[in-house]
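Heads up: the sequence shown begins at 88 in my numbering, then just goes up one per residue.
Each residue gets a CB set at the ideal place from its N, CA and C atoms; glycine is no exception.
Encoded as structure tokens, the structure appears first; notes follow it.
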Amino acid sequence: MKRFVIAALVENKYGVLTRVSGLFMRKGFNIDSLTVGETDNPEFSRITVTLKGDDYAREQLINQLKKLHNVKNVKLLDEEQTVERELMLVKVKNSPENRSEVMAASEIYRAKVIDYNPETLCVEVTGEPSKINAFINVMQPLGIIELCRTGVVALERGRSIV
């Protein structure tokens with residue numbers, strides 16, 4: 088199964104997200120990541136969804152999304168022509184034994200320590216999902232206490248508009 092990213096421009100109205108996410112449920116798709124936010128025009132929101140599936144299922148899903156009432160535009164984002172970013176906050180143990188490793192990894196991954204207390208460090212990381220996953224792998228042996236990821240936001244390069 089292949090990973091793909093779909094961007095949808097929808098009316099910024101009550102219940103639209105429920106109808107869109109309900110379509111994924113009815114078709115039996117597991118959403119890997121879902122982000123929604125108002126666009127430069129407050130009448131519209133942009134939904135970015137990442138999931139896995141085969142080519143047939145992907146096309147069927149896009150066609151079904153296009154039929155929904157409040158959906159104005161749907162586009163499959165080409166991996167080669169798309170900029171993807173994600174934000175993660177991760178809380179790790181702060182001990183004399185691991186503090187320097189957390190700080191060094193944060194510097195290497197261009198992450199920011201945004202909260203420091205005697206028991207924990209909270210680190211903010213932004214980047215492509217693969218960078219986020221790599222940072223998690225580095226932090227796991229150091230003692231992850233809690234983490235939260237935003238999900239992927241993505242835009243096509245150039246003048247293309249969803």
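Using DSSP with H/G/I as helix, E/B as strand and the rest coil, what is residue i?
| i | result |
| --- | --- |
| Asn181 | coil |
| Phe116 | coil |
| Thr105 | helix |
| Glu166 | helix |
| Val123 | strand |
Residue j and residue i - do their beta-carbons sit closer together than 8 angstroms?
| i | j | result |
| --- | --- | --- |
| Pro216 | Glu171 | yes |
| Leu242 | Met175 | no |
| Ala191 | Arg133 | no |
| Val158 | Ile149 | no |
| Glu173 | Ile201 | no |
| Thr135 | Val92 | yes |
| Gly230 | Lys180 | yes |
| Val97 | Phe131 | yes |
| Pro140 | Phe116 | In the sequence as presented, Pro is not what sits at residue 140; that position holds Gly. For Gly140 and Phe116, yes; Cβs fall inside 8 angstroms. |
| Gln168 | Arg244 | yes |
| Thr207 | Ile232 | yes |
| Val123 | Leu152 | no |
Quick check: what's the CA-CA separation for residue i versus residue j?
| i | j | result |
| --- | --- | --- |
| Arg197 | Thr213 | 8 angstroms |
| Asn99 | Val177 | 31 angstroms |
| Glu166 | Glu184 | 40 angstroms |
| Thr137 | Leu163 | 10 angstroms |
| Val210 | Met226 | 10 angstroms |
| Glu147 | Ser187 | Residue identity check: residue 147 is Gln in the sequence provided, not Glu. Going by the C-alpha atoms only, they are around 50 angstroms apart. |
| Gly109 | Asp119 | 15 angstroms |
| Lys114 | Pro205 | 48 angstroms |
| Ile195 | Val239 | 22 angstroms |
| Thr126 | Met88 | 31 angstroms |
| Arg145 | Arg246 | 24 angstroms |
| Tyr101 | Arg236 | 25 angstroms |
List the DSSP bridge partners of residue i.
| i | result |
| --- | --- |
| Lys139 | Arg90 |
| Asn160 | Leu96 |
| Ile231 | Val179 |
| Leu242 | Val170 |
| Ile134 | Ala95, Val123 |
| Arg145 | DSSP, once it has assigned bridges, lists no residue as partnering Arg145. |
Any chance the CB of residue i is under 7 angstroms from a heavy atom of the ligand SAH?
| i | result |
| --- | --- |
| Ala191 | Inclusion of the ligand SAH in the displayed structure is not the case, the ligand content being empty and no account of it being possible. |
Continuous beta strand (DSSP E) assignments of at least 3 residues falling wholly in the segment 168-214
For the segment 168-214, the continuous beta strand (DSSP E) assignments of 3+ residues that do not extend past its boundaries occur at 169-180, 199-203, 207-214, in sequence order.
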